[in-house]
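In mature numbering (1 follows the signal peptide of the UniProt record, and there is no 0), the protein residues as written are -22 to -1, 1 to 448.
Note that beta-carbon positions come from the ideal geometry of N, C-alpha and C, so glycine has one too.
Please read these numbers as outputs of a predicted model, since none were measured by experiment.
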């Protein structure tokens, strides 16, 4: 089977498997209307670059936390961070951050300060520094609608458990995290599950203070309920009477000794009625295999049809005396191209290749104005984040050292997924900057009366264009 078909099937299989992952669960967001920016402003460009950077760096973070800035001048600097729940995988974290990055631009179109919360992660950005700073407002409280029995005893148990959990979370230094869980037995058949987390850039005192303030909101917002959560910019805390986190991801603080009553029978459902892993595998694997086989057959059929068409066109072109014999030239036959261009008339010529596009792209990238490359007629009919990522990938493909350029397989992954982190592009090989004073002489155009050819501008000479007279 051809290598391109193997690559295509691999991508399709990965896509099918990834599509079985549940989408991030949106909780709430807040847009600060006191600070706004103008369309196509420098801050908007910096904001879009920031969101792209956050999405690209959501993988490989052991503590699920990352912060960064984009911009140079204080009024237009964009500060941003994300925090993934301590028990989720890196894949779930990346998907959540990518979703949050897309959603923020739609939910808060012109605000400079926003917060967005999901069950799996939190993302925020601002035009002021937000790093290593305790932020307790704005806040969001969400509750379980089920009422609790024996409310007084439950409140006492909840208060003691959450106080211990706040102290445990603030002092947690595992992999640079500030995340902890704790359980407590409410009845012989009911267990209280609690989770708390702070952004790792806070001190132990700041984390404990943030969680204490969040816990103090429970009696007012959620008294008498079986579960609730409070979400703040710097921390969050939640409790339920069912396991809502992955207990195997991190060691959970042990519950008090259980009663001597026999343990309850194993439940067939967990949380909100999720399927068991065996059922999921039994459903997903046959579907995935069927889809892969279907696409494999389609690819083979299309390749066979293309080969038939290619052979037919070659025979036809040889008959009329034209010399088109390569598959790359057969998207349109020669007669069609000649008719469309008025036999290659100069009046129909709209441009030609060269190094100008690379030079222009690099200049706009370094000046912080990459969107100037777009056709003005596109207006707002494009995704700024996707355009910036495409420009970023394009500059990686023309770096001066060809060993640093990504392979085509890497480019395909970069274009189809935010899971691949993008390195900062280096100066392109075609970027002709001044070499005055350097020991390498500038190479220009050598000419005489009979011949004229351009000398290579590329330093590594991996790409050379020579012009010869016709």
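Original post:
Which whole-angstrom value is the C-beta distance of residue 338 and residue 351, which I expect to be below 8 Å?
Top reply: Taking the chain shown and counting its residues from 1, one reaches residue 338 at position 360. Taking the chain shown and counting its residues from 1, one reaches residue 351 at position 373. That pair is a contact at about 7 Å.
Original post:
Cβ of residue 61 within 8 Å of Cβ of residue 43?
Top reply: Looking up residue 61 in the chain shown gives position 83. Looking up residue 43 in the chain shown gives position 65. Yes, the Cβ-Cβ distance between residue 61 and residue 43 is below 8 Å.
Original post:
Would you say residue 176 and residue 156 are within 8 Å of each other, going by their C-beta atoms?
Top reply: What you label residue 176 is simply residue 198 of the chain shown in a count that begins at 1. What you label residue 156 is simply residue 178 of the chain shown in a count that begins at 1. Taking 8 Å as the Cβ cut-off, residue 176 and residue 156 qualify as a contacting pair.
Subject >> Opening and closing residue of the alpha helix (DSSP H) in which residue 196 lies >> reply: The residue labelled residue 196 in the question sits at position 218 within the chain shown. 196 to 200 is the extent of the alpha helix (DSSP H) around residue 196.
Original post:
Span of the beta strand (DSSP E) holding residue 455?
Top reply: The structure shown has nothing for residue 455, since the chain only spans -22 to 448.
**OP:** Rounded to whole angstroms, what's the CA-CA distance from residue 119 to residue 7? Just pull it up for me.
**Re:** Locating residue 119 in the chain shown gives position 141, counting from the first residue. Locating residue 7 in the chain shown gives position 29, counting from the first residue. Computed Cα separation, rounded: 12 Å.
Subject >> Test: residue 339 CB closer than 8 Å to a CB of chain D >> reply: Any reference to chain D falls outside this structure, which holds one protein chain only.
Subject >> Per-residue DSSP class, three states only, for residue 321 >> reply: The count along the chain shown starts at 1 and reaches residue 321 at position 343. Looking at residue 321 - three-state DSSP - the assignment turns out to be coil, as it is neither helix nor strand.
Subject >> Contact set for residue 147: own chain, Cβ-Cβ below 7 Å, skip 5 residues either direction >> reply: Residue 147 sits at position 169 when you count from the first residue of the chain shown. So the qualifying residues of the chain are 156, 157, 158, 174, 175, 176, 185 and 189.
Original post:
DSSP state of residue 109, grouped into three classes?
Top reply: Here residue 109 refers to the residue found at position 131 when the chain shown is read from its first residue. Coil.
Original post:
So is residue 25 buried or exposed if we call it buried at 16+ other beta carbons inside 10 Å?
Top reply: Position 47 of the chain shown, counting from 1, holds the residue named residue 25. Counting Cβ neighbours within 10 Å, residue 25 comes out buried, since at least 16 surround it.
Subject >> Alpha-carbon to alpha-carbon, residue 317 and residue 32 >> reply: Residue mapping note: residue 32 aligns to position 54 of the chain shown, counting from 1. Residue mapping note: residue 317 aligns to position 339 of the chain shown, counting from 1. Each residue's Cα considered, the two are about 49 Å apart.
Original post:
Is the Cβ-Cβ distance between residue 207 and residue 214 less than 8 Å?
Top reply: If you number the chain shown from 1, residue 207 lands on position 229. If you number the chain shown from 1, residue 214 lands on position 236. Yes, Cβ-Cβ distance for residue 207 and residue 214 is below 8 Å.
**OP:** State the Cα-Cα distance for the pair residue 212 and residue 71, rounded to the nearest angstrom.
**Re:** As a first step, residue 212 is located in the chain shown; it is residue number 234 there, counting from the start. As a first step, residue 71 is located in the chain shown; it is residue number 93 there, counting from the start. Residue 212 and residue 71: Cα-Cα distance of roughly 18 Å.
Original post:
Can you tell me the Cα-Cα spacing of residue 45 and residue 64, whole angstroms?
Top reply: Within the chain shown, numbered from 1, the residue matching residue 45 stands at position 67. Within the chain shown, numbered from 1, the residue matching residue 64 stands at position 86. Using only the alpha carbons, I get a separation of about 16 Å.
Subject >> Rounded Cβ spacing between residue 95 and residue 209 (contact assumed at less than 8 Å) >> reply: Your numbering for residue 95 matches position 117 in the chain shown. Your numbering for residue 209 matches position 231 in the chain shown. Contact holds; Cβ gap of about 5 Å.
**OP:** Since I believe residue 57 is in contact with residue 107 (beta carbons under 8 Å), could you give me their beta-carbon distance rounded to a whole number of angstroms?
**Re:** Mapped onto the chain shown, residue 107 falls at position 129. Mapped onto the chain shown, residue 57 falls at position 79. Sure, about 5 Å apart at Cβ, within 8 Å.
Subject >> Contacts around residue 9, its chain only, beta-carbon distance under 6 Å, and the 5 residues preceding and following it disregarded >> reply: For this step, residue 9 is matched to residue 31 along the chain shown. Once the five neighbours on either side are set aside, the close Cβ partners of residue 9 are 86, 89 and 92.
Original post:
Looking at the structure shown, is residue 115 part of a helix, part of a strand, or coil, going by DSSP?
Top reply: As a working mapping, residue 115 is identified with position 137 in the chain shown. In the structure shown, residue 115 sits in coil (DSSP, three-state: anything other than H, G, I, E or B).
Subject >> Residue of 36, 403 and 34 minimising C-alpha distance to residue 378 >> reply: Working through the chain shown from its first residue, we reach residue 378 at position 400. Checked all of 36, 403 and 34; the closest Cα to residue 378 is 403.
Original post:
Can you pull the DSSP bridge partners for residue 218?
Top reply: As a first step, residue 218 is located in the chain shown; it is residue number 240 there, counting from the start. Answer is 171.
**OP:** With DSSP collapsed to three states, give me the class of residue 144.
**Re:** For the purposes of this step, residue 144 is taken as residue 166 along the chain shown, with counting starting at 1. Helix at residue 144.
**OP:** Output the boundary residues of the beta strand (DSSP E) element that contains residue 9.
**Re:** Position 31 of the chain shown, counted from the first residue, corresponds to residue 9. Its beta strand (DSSP E) spans residues 4 to 14.
Original post:
Is residue 51 closer than 8 Å to residue 178 when the C-beta atoms are compared?
Top reply: Counted from its first residue, the chain shown places residue 178 at position 200. Counted from its first residue, the chain shown places residue 51 at position 73. Contact: no.
Subject >> Assumed close pair residue 349, residue 367 - CB separation to whole angstroms, cut-off 8 Å >> reply: Working through the chain shown from its first residue, we reach residue 349 at position 371. Working through the chain shown from its first residue, we reach residue 367 at position 389. Rounded, the Cβ-Cβ distance is 12 Å, inconsistent with contact.
Subject >> Residue environment, residue 406, which counts as buried when at least 16 other CB atoms sit within 10 Å >> reply: Taking the chain shown and counting its residues from 1, the one referred to as residue 406 is at position 428. By the 10 Å Cβ count, residue 406 comes out buried.
Subject >> Rounded C-alpha distance that separates residue 416 from residue 320 >> reply: Translated into the one-based positions of the chain shown, residue 416 becomes position 438. Translated into the one-based positions of the chain shown, residue 320 becomes position 342. Below a pLDDT of 50, predicted positions are generally treated as unreliable, and residue 416, at 41, falls in that range; the measurement from the model is reported next regardless. Cα to Cα, residue 416 sits roughly 49 Å from residue 320.
Subject >> Where the alpha helix (DSSP H) containing residue 92 begins and where it ends >> reply: Mapped onto the chain shown, residue 92 falls at position 114. Careful: residue 92 lies outside any alpha helix (DSSP H), inside the beta strand (DSSP E) at 89 to 96.
Original post:
Across which residues does DSSP place residue 103 in a beta bridge pair?
Top reply: By 1-based counting over the chain shown, the position of residue 103 is 125. According to DSSP, residue 103 bridges with 58 and 92.
Subject >> Beta-ladder partner(s) of residue 125, from DSSP >> reply: Counting from 1 along the chain shown, the entry for residue 125 is found at position 147. Answer is 203, bridged to residue 125.
Subject >> Beta-ladder partner(s) of residue 45, from DSSP >> reply: The sequence position of residue 45 within the chain shown is 67, counting from 1. 59, per the DSSP bridge assignment.
Original post:
According to DSSP, is residue 400 helix, strand or coil?
Top reply: Taking the first residue of the chain shown as 1, we reach residue 400 at position 422. Three-state result, residue 400: coil.
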